[in-house]
Amino acid sequence: MFSYTEIDAIEGTAGDFTVRLLKKPRYVIQERCTGCGVCQEYCPVKIPDAFNQEISKNKAIHIYFAQAIPLVAYISKECLYLKEKKCGICENVCENRAIDFTQKEEKAEIKVGAVILSSGFTPFPAELLSEYGYGKYKNVITSMDYERILSSTGPYEGEIKRTSDLKHPKKIAWIQCVGSRSVKEPSKSYCSSVCCTYTQKQVILTKDHIHEAECTVFHNDIRAFGKDFERFYQRTAGLSDVRFIRSYVTVSREDKETGNIFIRYSTPDRGVIEEEFEMVVLSVGLNPPKDSENIAKKFGIEINHHGFGKTDAFILVETNKKGIFISGAFIEPMDIPQAVFTASSASARSGELLMKRRGKLSTKRVYPLEKDVSKEEPRVGVFVCACGANIGRVVNIKEVADYAKTLPYVVYTQTQLFSCSTDSAKQITDAIKEHNLNRVIVAACTPRTHEPTFRDSLREAGLNQYYVDMANIREHCSWVHSKDKDSATKKAKDLVRKSVARSLKLQALEEISLPVDKRALVVGGGVSGMNSALSLAKQGFEVYLIERERELGGNARFIYKTLEGFDVQEYLKNLVSEVYKNPLVHIRLSSEIVEATGYVGNFLTKIRTDKGKIEEIKHGAVIIATGAREYKPKEYLYGVSGNVVTNRELERLLYERDDKILNSENLVMIQCVGCRNEERNYCSRICCSHSVKNAIEFKKINPKGDVYILFRDMRTYGLKEDYYRLASEMGVRFIRFERENGNIPEAEEVSEAGKKVIKVRVFDPVLQKRLELSADILALATAVIPNEDVYDIAGFFKVSTSIDGFFKEAHVKLRPVDFGTDGVYLSGIAHYPKFINESVSQALASASRAVTLLSSDTVSASGSICEVEEKKCIGCGACAEVCSYCAIELYKTNRGMKAKVNPVLCKGDGLCNAVCPTYAIQLKHFTDEQLVSEIDSALPERVIEKIKKAG
Amino acid sequence: MCTGRIDLGFIARSFYNGADGVYIAGCRLNECSYITHGNYYALNMTLLFKRIMEYIGLNPKRLQLEFMTSSDAQYFSGSVNDFVEKIRKLGPLGDKEGLSDEEIKERLYKIITLIPYIKIAERERLRLRINNPEEWEKIYTLEHVKNLIENTPSYWIDPEKCSACTLCAQRCPVDAIDGGKNKIHIIDQEKCIKCGNCLLVCPTKFSAVQKLTGKPVPPPIPEEKRIKVRPSS
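Chains as they are written, first to last, in the working numbering: chain A, 1 to 951; chain B, 952 to 1184.
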């Protein structure tokens, strides 16, 4: 990994690029720096902290932010030594001698087969819009500033304060669409997609911090188009003292004395009014990366007129240059799940390109054979880490080590400067061998970072890796008790004693590994399923693609063009033919799953094929791409009047140039039919754009015809906004109706001059009057709803569904194409409604995730899983009930029912352990015995004698 | 390991060992990185134990559960400091409650022995997933806990009916049943965890095991009377 590095130039072609890098000097030797942060503390030069939006200060030598990877300091140009060869304090305080002022910019060259550009976005520079007073008034800040203020690692350690007077503001306003959705330069014409929801998040966090805060959001459309966003919006709007006000605003003035800000906005009943706020947050949009033109030039790719990377109509990550892909917000503004989809799909495309070279550069580590120490008396080694000065200057580590020596079974102790450094880790390995240690305690930091390092040291010494325990004397001790050194040392001793007590009870555990069946199953032959299958095949894996219907294509069969005008039918034809031509894809049409068993790496699925035969398919991974369907409305005379159609039906009429269209003058569309209501409390994401697409097409055919779109919030997010504007410019009229105020459009069929027309009545909140529209065709933008067999599929593969009936991913942001169940992945609109190119992204992403599994020969499970002692089990089933992974099974024995854990499925959460009345089921490595030994040794006076007694 | 792994026994044991307060930290509700949402179990368990503390005369404020994420360092240290301060004010365990060490130990010991039974009896409630904090207090009322503990059943083998078939002894998960072939079975009430498995497996034709609630368990019959003489057929 190269951080603090820029790309100078790139040459070559797909599969064989040479990239020249410029590594900027850190003035810190990366291999030596342990990230302890002492240099930062001693550095005398304060500079504005760029990570915290320059609200607070940092030092000239610093780690960019707390979670930086690698966690290594660097020196910025403000450094006194760099400027005038003075100071050099950091060099003196760094105990690992990591400072190196002689570093120069270095050139490096690397060979790669593919390039993925993930250069992200730049927040819109709010200072360019003078009307909001950013930069002029201290209490007008951007959402990025506010984001840092909310953060516990932010400028005020998570307290919400005004920069002007450090007071806690009570009355805060957010202004939406700052720099977005406006054709007036320097604003951007597109919608930045993420601001509505991030603002809501900020409102919720604000209310968490300051209970009585009054939060006001000035907005245009609320674009809650993502999965579960609608509920999130409702949750926000439902909080006390939270107002959502639909109005354009101006920041009119600042009260010089209080620093408060006045905002002018329009109200439906009182006209334009002015209101005072203590703080104003500008919800700024997402601009393309600052140097996007340069990037494009360097890599030979095209950018669009907004400055975002220009990519393929259907494959969002594909640029015009082979072997160069884009992921994330450089494609267009997008939220985290979308960015993760594109990231994984770029990796899938790279994998296809470099398929033949997979695994060629990887090496396998070989460890010495493990010796069995289970029969030996415990011999504990305790290593106490100073962590530079991090622990050492607060905790007397020598005293802790001496104390450890007095504990039973401790035969060896050592203090170390940095236990995690390579040579210290080696010392641990050597000490294990030399002193025959069979338990190791590292008293240092949190196990989250370095437990793997120390487990490795044990393995290197031929000792089972589960014999190490960490006592956290840094985060839980020196960092929080820096003011009381004596007590900190005492506490460090307590922590070490607990750790030693537990270590005596530790057991060697084995990580089981099972062979992986290299084949995959893809359920559903729509655009998503086909793309997943094809990508897997192109990466060298055999795939079974099963489709319930008699042909491939799914919903895409009914779509003619995309909003941007690309031909979907042409795309589909090519895709289907490519799938058929690929010898690794085995297609099963008119087939349905009847049974599925097994687990990650080893599934067995039975399907009933078109001839009624049962076929057994063995596979290691499964991708669920079963799609969704169009809601058939009961509302608005659908099915009663021939003039009422759904959007999809209208699309067919339009592109087939049906007489019905040619003879129509007035088209009315109603949005949100069948969703955003009590029954389906979600937004179907695609319908606004779908209506805009149809409206534009209708206008092209009948330029003089009238088109009305009755909407609640137009949700043409991202670059789709341009088409909303285009439709509006073409004369399409948009009328908002306020369902929340009980204003729902009504439709009635009447005969007019010998033909039947639909009268649509709606209350226009802008004109404040009821309108009656006459429509030759009434098109309903109907919801996308889950398929009926969702629950069957969920049952077969033991995956979960959300309340709306779509499949539920393992984690919305971190694992958006995985299921909680290993080896099962998700793609397409079975997850949530989305556009074709978004479905393709997710399909490629799920293929990429499946490949990470299929490309390894074995899957291994952690040793820390649950196990049942059969004698104690009374077969009550409480354990099975709380296991979310269905890892526990009850089976019959001649001594009654007994529980059994499937070690491959168990994730080691240990919920079963806590509910078992007879303590028959135990979470290994966290057994009752091990944890109780810690509890018993926690209170000092009683312990020592107890351990002595036990010994 | 999840917060839901924390056992009622761990808390009871900590107080039994003389801890003045117990603080549990878990992930925020509804932000489970897995799919288990085990912190709700921890929540229910904590609420139950707080009531138990109230029932046995200990201040339930000595037990605290907090939800946070790994990046909430400030919140964590602040909340622990507040807790420590609170415990300082409450003083050593039993002090303000007016209970001696012995009394506390005796009461907690009784609870510890009842934990297997509590887990069985409260199985449904311990699994609840209740979002609204206002309803948390209602999950376990003092009345409920009083009833739970005071009406604990005991299992007893009627020596008249026992046929010494050994089934119950074989199935007892804690080896609390003494007896053998031709020897009438006796349940060691000290060892018994009240799981009821013996009652479940005792053949209906004997129906020797009985569940006694609210009455004392008859003393075990003397050793010499325990030989089962089977009628010769």
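Note that beta-carbon positions come from the ideal geometry of N, C-alpha and C, so glycine has one too.
Simplified DSSP assignment, three categories, for Ile947/A
Position 947 of the first sequence holds residue 947/A. Residue placement at Ile947/A is poorly supported in this model, since its pLDDT is 43, which falls under 50; the coordinates are not used for a value here.
Segments of 3+ residues assigned as beta strand (DSSP E) that fall wholly inside the region 424-448 of chain A
439-444
Which residues in the same chain as Ala887/A place their Cβ atom closer than 7 Å to its Cβ, once the five residues preceding and following it in sequence are excluded?
The residue labelled residue 887/A in the question sits at position 887 within the first sequence. Hits under 7 Å: Val901, Asn902, Leu905 and Cys906.
Closer than 9 Å at the beta carbon, the chain A residues around Ala970/B
Mapped onto the second sequence, residue 970/B falls at position 19. Residues of chain A passing the Cβ test: Ile935, Ala938 and Leu939.
Spell out whether any CB of chain B is found under 7 Å from the CB atom of Ile874/A.
Numbered from 1 along the first sequence, position 874 holds the residue referred to as residue 874/A. Yes, contact with chain B.
Could you tell me which residues DSSP puts in a beta bridge with Trp479/A?
One-based indexing of the first sequence puts residue 479/A at position 479. Paired residues: none, contrary to the question.
Of all the alpha helix (DSSP H) runs that stay within the bounds of the region 807-870 of chain A, which reach a length of 4 or more residues?
836-854
Helix, strand or coil at Gln200/A according to DSSP, with G and I counted as helix:
In the first sequence, counting from the first residue as 1, residue 200/A sits at position 200. It is helical.
Using 7 Å as the limit for Cβ to Cβ distance, is Leu911/A near chain B?
Along the first sequence, read from residue 1 onward, the residue named residue 911/A stands at position 911. So, interface residue.
Applying the criterion that 16 or more other CB atoms from any shown protein chain within 10 Å of the CB defines a buried residue, is Phe1000/B buried or exposed?
In the second sequence, counting from the first residue as 1, residue 1000/B sits at position 49. Its Cβ being crowded by 16 or more others within 10 Å, Phe1000/B is buried.
State the start and end residues of the unbroken alpha helix (DSSP H) segment that holds Arg964/B.
Within the second sequence, residue 964/B is the residue found at index 13, counting from 1. Leu959 to Tyr967 is the span of the alpha helix (DSSP H), which, as asked, contains Arg964/B.
Let me check understanding here. Comparing Cα to Cα, which of Ala444/A, Phe330/A, Ser350/A and Glu869/A lies closest to Met897/A?
The sequence position of residue 897/A within the first sequence is 897, counting from 1. Taking only the C-alpha atoms, the option nearest Met897/A is Glu869/A.
Ignore the nearest five residues each way along the sequence and tell me which others in Val790/A's own chain have a CB closer than 8 Å to its CB.
For the purposes of this step, residue 790/A is taken as residue 790 along the first sequence, with counting starting at 1. Excluding sequence neighbours, Val790/A sits near Thr626, Thr801, Gly805, Phe806, Phe807 and Ala830.
Do Asn1133/B and Ala1120/B count as a contact pair if the criterion is CB distance below 7 Å?
The sequence position of residue 1120/B within the second sequence is 169, counting from 1. The sequence position of residue 1133/B within the second sequence is 182, counting from 1. It is not a contact, given that the beta carbons lie outside the stated cut-off.
If you run the structure through DSSP and keep just helix, strand and coil, what is Arg739/A?
As a working note, residue 739/A is residue 739 in the first sequence. Arg739/A falls in the helix class under three-state DSSP.
Answer yes if the region 1057-1077 of chain B comes into contact with the region 971-978 of chain B, meaning at least three C-beta pairs across the two stretches below 8 Å, and no otherwise.
no
List, in chain order, every chain B residue whose beta-carbon is nearer than 8 Å to that of Lys932/A.
Within the first sequence, the letter at position 932 stands for residue 932/A. Per the sequence shown, the amino acid found at residue 932/A is Val instead of Lys. Near Val932/A (Cβ distances below 8 Å), the residues of chain B are Gly960, Phe961 and Arg964.
Neighbouring residues, chain A, relative to Cys1146/B (Cβ below 7 Å)
What you label residue 1146/B is simply residue 195 of the second sequence in a count that begins at 1. Within chain A, the residues near Cys1146/B are Ile874, Pro917 and Thr918.
Please check if any C-beta of chain B sits within less than 7 Å of the C-beta of Ser884/A.
Here the question's residue 884/A lines up with position 884 in the first sequence. Yes, contact with chain B.
With a 10 Å radius around its C-beta and 16 neighbouring C-beta atoms as the bar for buried, classify Asn92/A as buried or exposed.
Residue numbering aside, residue 92/A sits at position 92 when the first sequence is read from its first letter. With fewer than 16 other Cβ atoms within 10 Å, it is exposed.
Return the chain-ordered ranges of every beta strand (DSSP E) run that is complete within the region 1004-1032 of chain B and spans a minimum of 3 residues.
1014-1018
Output, in chain order, the set of chain B residues within a Cβ distance shorter than 9 Å of Phe926/A.
Start at 1 with the first residue of the first sequence, and residue 926/A comes out as number 926. Those are Met952 and Arg956, listed as they occur along chain B.
Tell me whether His168/A sits in a helix, a strand or coil according to DSSP, three-state version.
Translated into the one-based positions of the first sequence, residue 168/A becomes position 168. Coil at His168/A, not helix or strand.
Helix, strand or coil for Ser691/A per DSSP?
Sequence index remark: in the first sequence, residue 691/A carries index 691 (1-based). Three-state DSSP puts Ser691/A in a helix.
Closer than 7 Å to chain A by CB, Ser1028/B
Here residue 1028/B refers to the residue found at position 77 of the second sequence. Chain A contact via Cβ: present.
When DSSP labels each residue in this structure, what does Ser1184/B get in the three-state scheme?
Translated into the one-based positions of the second sequence, residue 1184/B becomes position 233. Legend: pLDDT at Ser1184/B = 47, less than 50; position of this residue unreliable, value from coordinates given subsequently. Here Ser1184/B sits in coil by DSSP.
Beta carbon proximity, Ser956/A to chain B, threshold 7 Å
As shown, chain A starts at 1 and ends at 951. That puts residue 956/A outside it, with no answer to give.
Could you name the residues of chain A that Lys1070/B contacts, counting a contact when the two beta carbons are closer than 8 Å?
By 1-based counting over the second sequence, the position of residue 1070/B is 119. Within 8 Å Cβ-Cβ: Ala878, Val915, Cys916 and Pro917.
What is the DSSP secondary structure of Gln30/A, counted as helix, strand or coil?
As a first step, residue 30/A must be located in the first sequence, where it is residue number 30. Note: Gln30/A maps to coil in three-state DSSP.
Exposed unless 16 or more other CB atoms sit within 10 angstroms - verdict on Ile61/A:
The residue labelled residue 61/A in the question sits at position 61 within the first sequence. Buried is the call here.
Would you mind telling me which residues of chain A sit closer than 9 Å to Ser1022/B, beta carbon to beta carbon, in chain order?
If you number the second sequence from 1, residue 1022/B lands on position 71. Near Ser1022/B (Cβ distances below 9 Å), the residues of chain A are Ala66, Gln67, Ser151, Ser152 and Thr153.
May I ask you to report which of helix, strand or coil DSSP gives Ile1178/B?
If you number the second sequence from 1, residue 1178/B lands on position 227. Looking at Ile1178/B - three-state DSSP - the assignment turns out to be strand.
In chain order, what residues of the region 985-1006 of chain B put their CB closer than 9 Å to some CB of chain A?
Tyr985, Ile986, Thr987, His988, Gly989, Tyr992, Ala993 and Met996
Quick check: is the beta carbon of Pro1104/B nearer than 7 Å to any beta carbon in chain A?
Walking along the second sequence from the start, residue 1104/B turns up at place 153. False, the Cβ-Cβ gap to chain A never drops below 7 Å.
Using beta-carbon positions only, say whether Ser846/A and Tyr832/A come within less than 7 Å of one another.
Reading the first sequence from its first residue, position 846 is the one you call residue 846/A. Reading the first sequence from its first residue, position 832 is the one you call residue 832/A. Not closer than 7 Å, so no.
Name, going along the chain, the residues of the region 1074-1086 of chain B whose beta-carbon falls closer than 8 Å to a beta-carbon of chain A.
Arg1074, Leu1077 and Arg1078
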